[in-house]
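Numbering (the working numbering), first residue to last: 358 to 684. A virtual CB, placed ideally from N, CA and C, is assigned to each residue, including glycine. A quick note: this is a predicted structure, and the numbers were derived from the prediction, not measured.
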Ligand SMILES: Nc1ncnc2c1ncn2[C@@H]1O[C@H](COP(=O)(O)OP(=O)(O)O)[C@@H](O)[C@H]1O
Ligand SMILES: [Mg+2]
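See the structure below:
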């Protein structure tokens with residue numbers, strides 16, 4: 358293990374994913390303590406910066422999901438007080454958190470991401486954007502996916518089967534964010550590829566000469582075929598996970614290669630999880646999004662993928678911690 362450090366684990370906060378973050382944070386604290394670090398957990402709020410200035414830890418481990426902790430806000434503050442922190446920097450956080458921006462960048466770079474249109478509340482109110490809806494529906498077809506530009510844990514992700522269902526889905530997504538996305542629905546399998554920095558345990562098919570490594574591909578398999586209700590599926594654990602996913606070797610290799618390309622393109626550092634769909638009819642892979650602070654609970658996707666690569670939770674936590682010092 359590396360030298361013992363005083364680590365502040367940042368968790369909780371005001372995000373909609375507060376509960377998951379508290380669980381991620383608790384798990385990370387346990388792991389780091391077992392490794393011999395001096396660990397303090399901070400439930401992030403108005404006292405964050407004063408507490409860090411008073412405590413002066415060596416490093417901050419960011420276990421925050423969603424707003425503030427994943428969108429670059431906390432990262433920017435930590436840079437301002439010159440405190441090393443885990444994971445991606447502010448710009449990468451902003452690129453990944455904003456699905457509209459991330460998808461434009463992927464499209465420009467030739468990385469396959471489902472066709473989409475972005476819609477702002479203000480452009481509906483002030484620019485007459487509603488008149489463009491029929492055209493969007495026509496180009497994307499039905500069913501189509503409606504989601505907040507800055508979401509997480511499938512919150513606000515809705516599927517509209519018909520034109521009649523669209524207004525309800527839009528209102529639902531707008532309750533999460535002032536910018537939303539209409540996206541082509543990809544019928545197929547739900548995959549996730551986590552990427553971590555460092556060279557150990559490089560799988561022969563997932564390695565690139567670069568600094569980052571793709572972990573084995575994970576598949577989220579719904580227990581029931583109710584594809585419209587993602588929110589409850591995530592909440593009540595209606596999903597089982599298979600890792601490594603049972604895929605043709607070339608599909609596995611391509612998923613890992615795409616994940617690494619997205620990781621580099623968006624400028625991620627330390628760790629990230631890329632979500633993809635494997636389209637049933639075409640066999641094509643489509644990148645949905647990149648998460649800069651993947652869940653770190655015992656049942657989260659990244660720890661499961663690491664485990665499949667022979668990387669236990671403590672080693673994973675240590676590697677993420679090390680990313681604070683290699684920026
Ligand atoms: N275009 C799509 N086609 C089919 N399923 C989708 C699509 N977009 C999202 N989903 C489903 O919703 C889940 C959450 O969407 P995602 O874009 O990853 O947002 P987030 O995880 O940030 O809420 C995906 O894992 C997938 O199961
Ligand atoms: Mg996702």
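query: Quick check on the DSSP output: the beta strand (DSSP E) that includes residue 363 runs from which residue to which?; result: 363-368
query: Figure out for me which residue from 647, 665, 660 has the closest Cα to the Cα of residue 459.; result: 647
query: Compare the Cα-Cα distances from residue 683 to each of 505, 555, 524 and report the closest residue.; result: 555
query: With 16 as the cutoff for other CB atoms within 10 Å, does residue 384 come out buried or exposed?; result: buried
query: To the nearest angstrom, how far is the alpha carbon of residue 447 from that of residue 629?; result: 14 Å
query: Which runs of the beta strand (DSSP E), 3 residues or longer, sit entirely within the segment 374-403?; result: 395-400
query: Does the beta-carbon of residue 483 have 16 or more other beta-carbons within 10 angstroms, so that it is buried, or is it exposed?; result: exposed
query: Using the beta-carbon count (16 or more within 10 Å), is residue 419 buried or exposed?; result: buried
query: Report the three-state DSSP secondary structure of residue 683 (helix, strand or coil).; result: coil
query: Our contact map puts residue 388 next to residue 421 with C-beta atoms below 8 Å; I'd like the distance itself, whole angstroms only.; result: With 8 Å as the limit, residue 388 and residue 421 do not qualify as a contact, their Cβ atoms being about 17 Å apart.
query: Among all the DSSP beta bridges, which residues are the ones paired with residue 598?; result: 577
query: Distance, Cα to Cα, residue 404 vs residue 367?; result: 12 Å
query: By a C-beta neighbour count over all protein chains shown, 10 Å radius and 16 as the cutoff for buried, is residue 363 buried or exposed?; result: exposed
query: Can at least three beta-carbon pairs, one atom from the segment 607-617 and one from the segment 437-444, be found at a separation below 8 Å?; result: no
query: Three or more beta-carbon pairs under 8 Å between the segment 537-555 and the segment 658-668, yes or no?; result: yes
query: Any idea which residues DSSP pairs residue 664 with across the strands?; result: Residue 664 is not bridged to any residue.
query: Between which two residues does the alpha helix (DSSP H) holding residue 418 run?; result: Premise fails: residue 418 lies in the beta strand (DSSP E), 416-419, not in any alpha helix (DSSP H).
query: Please classify residue 673 as buried or exposed, where buried requires at least 16 other C-beta atoms within 10 Å of its C-beta.; result: buried
query: Use the C-beta contact count for residue 633: other C-beta atoms within 10 angstroms, 16 or more gives buried, fewer gives exposed.; result: buried
query: Determine the DSSP secondary structure at residue 461, reduced to helix, strand or coil.; result: helix
query: Return helix, strand or coil for residue 568, following the three-state DSSP convention.; result: coil
query: Per DSSP, residue 634 is paired with what?; result: 547, 643
query: Out of 569, 663, 512, which one is the CA nearest neighbour of residue 601?; result: 663
query: Name, in chain order, the residues that DSSP records as bridge partners for residue 670.; result: Residue 670 is not bridged to any residue.
query: Is residue 443 helix, strand or coil when you go by DSSP?; result: coil
query: If you pair each beta-carbon of the segment 460-475 with each one of the segment 424-439, do three or more pairs fall below 8 Å?; result: no
query: Check this for me: beta carbons of residue 379 and residue 400, under 9 Å apart or not?; result: yes
query: Tell me the rounded alpha-carbon separation between residue 572 and residue 487.; result: 42 Å
query: Between which two residues does the alpha helix (DSSP H) holding residue 436 run?; result: 430-437
query: Helix, strand or coil for residue 559? Go by DSSP, reduced to three states.; result: Here residue 559 scores only 46 on pLDDT, less than 50, and its place in the model should not be relied on; the value that follows carries that caveat. Reduced to three states, the DSSP call for residue 559 is coil.
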